[in-house]
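Chains C and G are the protein sequences, given in the same order.
Using the numbering used here, the letters of the first sequence correspond one by one to residues -9 to 104.
Using the numbering used here, the letters of the second sequence correspond one by one to residues 21 to 135.
Don't be surprised by glycine CBs; every beta carbon is placed ideally from N, CA and C.
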Amino acid sequence: AQSVTQPDIHITVSEGASLELRCNYSYGATPYLFWYVQSPGQGLQLLLKYFSGDTLVQGIKGFEAEFKRSQSSFNLRKPSVHWSDAAEYFCAVATRSNDYKLSFGAGTTVTVRA
Amino acid sequence: DAGVTQSPTHLIKTRGQQVTLRCSPKSGHDTVSWYQQALGQGPQFIFQYYEEEERQRGNFPDRFSGHQFPNYSSELNVNALLLGDSALYLCASTPRTGAGITEAFFGQGTRLTVV
Chain C
-9 AQSVTQPDIH
1 ITVSEGASLE
11 LRCNYSYGAT
21 PYLFWYVQSP
31 GQGLQLLLKY
41 FSGDTLVQGI
51 KGFEAEFKRS
61 QSSFNLRKPS
71 VHWSDAAEYF
81 CAVATRSNDY
91 KLSFGAGTTV
101 TVRA
Chain G
21 DAGVTQSPTH
31 LIKTRGQQVT
41 LRCSPKSGHD
51 TVSWYQQALG
61 QGPQFIFQYY
71 EEEERQRGNF
81 PDRFSGHQFP
91 NYSSELNVNA
101 LLLGDSALYL
111 CASTPRTGAG
121 ITEAFFGQGT
131 RLTVV
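Following this line, the structure appears as structure tokens:
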């Protein structure tokens, strides 16, 4: 079955520390990969996306993600978190066979402590 | 550019009632998708509209229906509301470039509470 898994439900990180959020997918077709961020009560904002090419992609707010086909992963990283990074993060996958509709993971909530 | 706009932002309905949610896509976008996000979960795809027709549908009952207008705006209708329909409903728009995958832009959502 096709699925997107975010293994960590909640992560707490100190301000200034590094952050890594995991995302694994199970799709037979070539995946198009996204990370979105959602602040409480808000919609989704795209952080970055991977369609093809360089497997290390840079996004907004200092985030980056690396596509590893052999591991079916697309982990999100930030070298130094800010208190404003506290939010919920969603990994999403689209494929041509699904006519590019987005399938989301369950999300990871990030708490930043001072 | 106003981006994707949704209305209303919040509403409360009673079980059994019907509700209509509205979405205006980002300028230049002609494809609208709707998602349901229950509390503590990721968004789930409901359906997608392009050229005023439903093009794809997720695993949602027929109580969920939609419409797209000539100006590309869209409505989501839910009949016979259940308590379990309480959720954040998100609208996303994309351009239909013919080139395949594109970035989806999301609105702020409509928070529906069914009591």
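Asked	Found
Output the distance between the C-alpha atoms of residue -2 of chain C and residue 29 of chain G, rounded to the nearest integer angstrom.	30 Å
On a Cα-Cα basis, can you pick out the residue from C/56, C/90, C/51 that is closest to residue 77 of chain C?	C/51
In whole angstroms, what is the alpha-carbon distance linking residue 127 of chain G and residue 26 of chain C?	13 Å
Can you round the beta-carbon distance between residue 33 of chain G and residue 110 of chain G to whole angstroms, since I take them to be within the 8 Å contact cut?	With a Cβ gap of about 18 Å, residue 33 of chain G and residue 110 of chain G do not count as contacting.
Are any of the Cβ atoms in chain G nearer than 8 Å to that of residue 18 of chain C?	no
What's the gap between the Cα of residue 9 of chain C and the Cα of residue 98 of chain C?	12 Å
How about the region 80 to 100 of chain C and the region 81 to 97 of chain G: do they share at least three Cβ pairs that are nearer than 8 Å?	no
In this structure, how does DSSP classify residue 101 of chain G when only helix, strand and coil are distinguished?	coil
Any idea what DSSP makes of residue -7 of chain C, helix, strand or coil?	strand
Quick one: using the 10 Å Cβ neighbour count with 16 as the cut-off for buried, is residue 105 of chain G buried or exposed?	buried
Is the CB of residue 123 of chain G under 8 Å away from at least one CB in chain C?	yes
At a CB distance below 9 Å, what residues from the region 30 to 41 of chain C approach chain G? Give them in sequence order.	31, 32, 33, 34, 35, 36, 39, 41
Hey, is the region 79 to 98 of chain C in contact with the region 38 to 50 of chain G, meaning 3+ C-beta pairs nearer than 8 Å?	no
When Cβ atoms are compared, which residues of the region 62 to 79 of chain G fall closer than 8 Å to chain C?	62, 63, 64, 65, 68, 75, 76, 78
Cα separation between residue 134 of chain G and residue 103 of chain G?	5 Å
List the DSSP bridge partners of residue 40 of chain C.	C/23
So which of G/25, G/22, G/58 has the shortest CA-CA distance to residue 94 of chain C?	G/58
Using a Cβ-Cβ cutoff of less than 8 Å, which residues in the same chain neighbour residue 36 of chain G once the five nearest sequence positions on both sides are dropped?	100, 101
Listed in chain order, which residues of the region 36 to 62 of chain G have Cβ atoms closer than 9 Å to some Cβ of chain C?	53, 55, 57, 60, 61, 62
In the structure shown, what three-state DSSP assignment does residue 61 of chain G receive?	coil
In the structure shown, what three-state DSSP assignment does residue 52 of chain C receive?	helix
Reducing DSSP to helix, strand and coil, say where residue 65 of chain C ends up.	strand
From the DSSP output, read off the bridge partner residues of residue 47 of chain C.	C/55
Would you say residue 132 of chain G faces chain C, with C-beta separation under 8 Å as the test?	no
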